[in-house]
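Asks: If you read the sequences in order, they're chains A and B.
Residue 14 is where the first sequence starts when you use this note's numbering, and the numbers rise one by one after that.
Residue 14 is where the second sequence starts when you use this note's numbering, and the numbers rise one by one after that.
Using N, Cα and C, we set each Cβ at its ideal position, and we do this for glycine too.
Attaching a single structure in structure tokens format; questions to follow.
There are 2 protein chains.
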Amino acid sequence: MSDTKALLARRARLLGPNMPTFYNDPVHLVRGEGAWLWDADGTRYLDCYNNVAHVGHAHPKVVEAISSQAALLNTHTRYLHEGILDYGERLVAKMAPDLSTMIMVCTGSEANDVALRMGRAVTGKCGFIATDNTYHGNTALVSQMSSRKAPIGGYSQNVKLVPSPDSLRPLGGSAQAQARAFAHHVSRAIEGFEEEGFGFAALILDPFFVNEGFPKLPQGFLDPVMQVVKRAKGLVIADEVQPGFGRLGSNFWGYERAGITPDIVTMGKPMGNGHPVAAVIARPEITAAFRNAFGYFNTFGGNPVSAAAAMAVLEVIETEGLIENAANVGGYLQQRLNAIRHPYIGEVRGAGLMQGIEFVTNDVMDEAGDFTANVVEAMRQKNVLLGRTGRGGNILKIRPPMCFSREQADQLVDTLEGILADLPA
Amino acid sequence: MSDTKALLARRARLLGPNMPTFYNDPVHLVRGEGAWLWDADGTRYLDCYNNVAHVGHAHPKVVEAISSQAALLNTHTRYLHEGILDYGERLVAKMAPDLSTMIMVCTGSEANDVALRMGRAVTGKCGFIATDNTYHGNTALVSQMSSRKAPIGGYSQNVKLVPSPDSLRPLGGSAQAQARAFAHHVSRAIEGFEEEGFGFAALILDPFFVNEGFPKLPQGFLDPVMQVVKRAKGLVIADEVQPGFGRLGSNFWGYERAGITPDIVTMGKPMGNGHPVAAVIARPEITAAFRNAFGYFNTFGGNPVSAAAAMAVLEVIETEGLIENAANVGGYLQQRLNAIRHPYIGEVRGAGLMQGIEFVTNDVMDEAGDFTANVVEAMRQKNVLLGRTGRGGNILKIRPPMCFSREQADQLVDTLEGILADLPA
């Protein structure tokens, strides 16, 4: 504990007084393997939250790929190198046929910053739409579409945030109306942009709405909004940072599960298992328009080491059958979560290894934020690491590495059951 | 050559039709060591241009640091880890005492995007000033200050570009007047922002003006502009992506050589020897104001592997005496460049291992851009890799890894002499 205090003091001095940590009693990690993490005292934790270490912490194949390429060469894409080509060709082969060109960058924020400007380059317009309860990254532009905290100086006039879909409080008053209501809000935002002279460039969304609390939505939910955007000649950007790379168990990409084909797809966190690599995939004419308009170059983007790390992640997903594992273990986990009884459980939902529980205090769906915070802290004290999301912080978010096992799912649920029994309504 | 053609075709298909390469006959690199690079056919090249591989390509100590940390753990800063603290404390110890807080990010672009918003958070104003012949990165905001290509939709109204200092065509008509003239332009831009209601937030500049062609400037050149900015209560951001980490031979940072203390310092490319890592250093109250205003978090920023890579670079700079090497070899290189005779040589200039020659066609200083392009291409055909900069592309830019040796400087200059003899005026 004095170790923790000393580290927190050093952080406050060096990184600023308000640098956030997870948990009231933050964890001092030193080692990871699969879904396990160890702290400096040798205590082992079950990681049920880190989607960055997508194929498992310190996966030996990814480490080997990084190490051997770093020992050979790491330079930029103004020279020719096969690494970025071999990777990119393999990646776009996993996507809709038209989604065949790639720009590699270093972070999901950079990817979305590029994607939004692609929208501008293609349409010549500058209005952007996102939901009002999301996060797409941290650049000056993208943070305008990350609604957790209003940007300093307020939102730009060319950004409109539409109401997020919600499982328990559906837009339009019913699950049936929600898809039409969501499309209607987007349509009104587009009309607003036209009246104001900005015009409409792009709608950016996570096709599984993970930050919005991954609401249960019917198949075809996005069809009406896709029609609205298409009619307005805008672009749809699918942010696959969270649902992509097989997380949902059913498909490689969240957009496939949602049954749509976006114009642009962005990806980040899981792509290099922690190595800073991200990408934008788009139709050829979109990439060409962007490159013509901006002359974009990213020094570290697509370097041989990043490409090797990302290639190893793709290979491990395939050779270890991690999408099937996400389906199997995720299905088992959801089944066990569904069997838990507690008066605050409003809904158990999710897909694959993106699962959660929304806690509400009553039948008018008041958010049980403090309660959920207590659950997360109590789990951490039992060495199970997870997080929470949702407007009221009342949705338990379970998003472990893709190698998560049934035994680990059992440990998670057994621990959670014990804690919920001790935390009555 | 068919290999090159095939790779170019794959690039055009995957990365877009207008993805730039260096050289008419691009190089297909597969391996690097020190300042040497090898292509797929085993041909060896002398790298006189890559500042990213700051301590030498594939430096074994950096590779070992990356490999061993990646094998242990790579996660984000919402958990506690000593890596970012050990590194940051060592880094800020190399800076002016007040420059004591750090935000780690992944690219120089992200660093400048943060730094500009720090200016906004501290001043509450939103006017930014940069020079009119520079590059600070590629995010939507930062590309407004990167003047190589006008951003789509034009420049934002809250960005003003002031005339760059120039060696051969000094602002104000003389070397003596140039410092006052530069400050005067900044002062006028600030007045413009006040009149227009934007107010003035920050001036961003590279203290060695590398992209502007690293003009010869007298000691104290930046003093008048520092006073102007201070009087207007704005901030000065020093972009150390190119001059930092000892590149200039005389100091660790470009701002020290220029004799100023900026409010914010940004760094990128050389920091991790190719690993995507970058940082913003600022006074504590600036970092705190930014974090309060934006709630900034960067998933990959400051992860244990990035911190380990950056730490290894600092250690190698010290243990191998690379700043002294930059001074010694850079001085020798400049001396040899000065001895070259060619009618187009307008000026030989630089510091440490940032050297160059400005080529002009006549005594009214017309830029010899095509000639310089031919020099660069001819050097590449002789297996010496360098680049060019300047508004007219007429400044030969020599910026090798910091382990560059006298023998390598000789090879560079001998080759250059031969080429210049074959390329008469």
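Given a limit of 8 Å on CB to CB distance, which residues of the segment 28 to 47 of chain A reach chain B?
Replies: Of all residues in the segment 28 to 47 of chain A, L28, G29, P30, N31, M32, P33, T34, F35, P39, V40, H41, L42, V43, R44 and G45 have a Cβ within less than 8 Å of some Cβ in chain B.
Asks: Exposed or buried, what is R296 (chain B) when buried is set at 16 or more other beta-carbons lying within 10 Å of its beta-carbon?
Replies: The residue in question, R296 (chain B), is buried, as its Cβ has 16 or more Cβ neighbours within 10 Å.
Asks: Should I217 (chain B) and I250 (chain B) be called a contact, given that it needs their Cβ atoms to be closer than 8 Å?
Replies: It is a contact, given that the beta carbons lie within the stated cut-off.
Asks: To which residues does DSSP link F372 (chain A) through a beta bridge?
Replies: BP columns for F372 (chain A) point to A:I358.
Asks: When the distance is taken between beta carbons, is D179 (chain A) closer than 8 Å to L154 (chain A)?
Replies: The answer is no: Cβ separation not under 8 Å.
Asks: Please report the straight-line C-alpha distance between T402 (chain A) and P228 (chain A), rounded to a whole angstrom.
Replies: Their Cα atoms are separated by approximately 12 Å.
Asks: Using a Cβ-Cβ cut-off of 8 Å, state whether A106 (chain A) counts as contacting chain B.
Replies: So no, A106 (chain A) is outside the interface.
Asks: Which residues mark the beginning and the end of the beta strand (DSSP E) in which V293 (chain B) is found?
Replies: Unbroken beta strand (DSSP E) run through V293 (chain B): A291 to A295.
Asks: Check the Cβ of D126 (chain B) against every Cβ in chain A and list those closer than 8 Å, keeping chain order.
Replies: T152 and A153, listed in chain order.
Asks: State yes or no: is the beta carbon of N146 (chain B) nearer than 8 Å to at least one beta carbon in chain A?
Replies: So no, N146 (chain B) is outside the interface.
Asks: Around the Cβ of P283 (chain B), are there at least 16 other Cβ atoms within 10 angstroms (buried) or fewer (exposed)?
Replies: Classification of P283 (chain B): buried, given that the 10 Å Cβ count is 16 or more.
Asks: Output, in sequence order along the chain, the residues in the segment 68 to 98 of chain A whose CB is closer than 8 Å to any CB in chain B.
Replies: Taking 8 Å as the Cβ-Cβ cut-off against chain B, the residues of the segment 68 to 98 of chain A that qualify are H70, A71, P73, V75, V76, I79, S80, A83, A84, L85, L86, N87, T88, H89, T90, R91, Y92, L93, H94, E95, I97 and L98.
Asks: By Cβ distance below 6 Å, which residues in the same chain neighbour N64 (chain B) in space, the five residues on each side in sequence not counted?
Replies: Closer than 6 Å at Cβ, skipping near neighbours: K282, P283 and R412.
Asks: In terms of residue numbering, what span does the beta strand (DSSP E) encompassing I353 (chain A) cover?
Replies: Neither: I353 (chain A) is in no beta strand (DSSP E) and is coded neither H nor E.
Asks: Which runs of the alpha helix (DSSP H) at least 4 residues long sit entirely within the segment 70 to 148 of chain A? Give them in chain order.
Replies: For the segment 70 to 148 of chain A, whole alpha helix (DSSP H) runs of length 4 or above, ordered along the chain, are 73 to 85, 95 to 105 and 121 to 136.
Asks: Would you please verify whether the beta carbon of V65 (chain A) is less than 8 Å from any beta carbon of chain B?
Replies: By this cut-off, V65 (chain A) is an interface position.
Asks: Any idea if E269 (chain B) is buried or exposed, counting beta-carbon neighbours within 10 angstroms, 16 or more meaning buried?
Replies: Buried is the call here.
Asks: Give a yes or no on whether 8 Å exceeds the smallest Cβ distance from L174 (chain A) to chain B.
Replies: Taking Cβ atoms only, chain B never reaches closer than 8 Å to L174 (chain A), which makes this a no.
Asks: Which residues, taken in chain order from the segment 267 to 298 of chain B, show a beta carbon closer than 8 Å to some beta carbon of chain D?
Replies: Going by chain labels, chain D is absent from the structure shown, which instead holds the protein chains A and B.
Asks: For I336 (chain A) versus G400 (chain A), is the C-beta distance shorter than 8 Å?
Replies: Contact flag unset, no.
Asks: Within 8 Å (strictly less), CB to CB, does V318 (chain A) reach chain B?
Replies: Closer than 8 Å to some Cβ of chain B, the Cβ of V318 (chain A) qualifies, so yes.
Asks: Measuring only the C-alpha atoms, how far is L235 (chain A) from P73 (chain A)?
Replies: Answer to the nearest angstrom: the Cα atoms are 39 Å apart.
Asks: State the CB to CB distance for the pair G226 (chain A) and G365 (chain A), rounded to an integer number of angstroms; the pair is presumed to be in contact (CB under 8 Å).
Replies: Not confirmed; about 16 Å, so no contact.
Asks: Please classify A386 (chain A): does DSSP put it in a helix, a strand, or coil?
Replies: Correct three-state label for A386 (chain A): helix.
Asks: For T152 (chain A), count neighbouring Cβ atoms within 10 angstroms of its own Cβ and tell me buried if that reaches 16, exposed if not.
Replies: Its Cβ being crowded by 16 or more others within 10 Å, T152 (chain A) is buried.
Asks: Using the Cβ count rule (16 or more neighbours within 10 Å means buried), how would you classify N351 (chain B)?
Replies: So N351 (chain B) counts as exposed.
Asks: List, in order along the chain, the chain A residues whose C-beta lies closer than 9 Å to that of A301 (chain B)?
Replies: Within 9 Å Cβ-Cβ: G29, P30 and N31.
Asks: Would you list the one or two residues that DSSP bridges to D60 (chain A)?
Replies: According to DSSP, D60 (chain A) bridges with A:L398.
Asks: Kindly say whether L20 (chain B), judged by its beta-carbon, lies nearer than 8 Å to any beta-carbon of chain A.
Replies: Output row for L20 (chain B): interface = yes.
Asks: Going by beta carbon distance, what residues of the same chain come within less than 6 Å of G132 (chain B), once the five residues before and after it are set aside?
Replies: Correct list, in chain order: A214, A215 and L248.
Asks: Counting C-beta neighbours from all protein chains within 10 Å, is the total for N286 (chain A) 16 or more, i.e. buried, or is it exposed?
Replies: N286 (chain A) comes out buried.
Asks: What span of residues does the beta strand (DSSP E) with A215 (chain B) cover, start to end?
Replies: Per DSSP, A215 (chain B) belongs to the beta strand (DSSP E) from F213 to L218.
Asks: Could you work out which residues of chain A lie near G205 (chain B), taking near to mean beta carbons separated by less than 8 Å?
Replies: Ordered by position in chain A, no residue passes the 8 Å Cβ test against G205 (chain B), which lies about 19 Å from the chain.
Asks: With a cut-off of 8 Å, does the C-beta of N264 (chain A) fall near any C-beta of chain B?
Replies: No - not a single Cβ of chain B is within 8 Å of the one on N264 (chain A).
Asks: Determine, using beta carbons only, whether T120 (chain B) comes closer than 8 Å to chain A.
Replies: Answer yes: the Cβ-Cβ gap between T120 (chain B) and chain A drops below 8 Å somewhere.
Asks: For chain B, is any of its Cβ atoms less than 8 Å away from the one on M11 (chain A)?
Replies: A question about residue 11 (chain A) goes unanswered here, because the residues of chain A that appear run from 14 up to 438.
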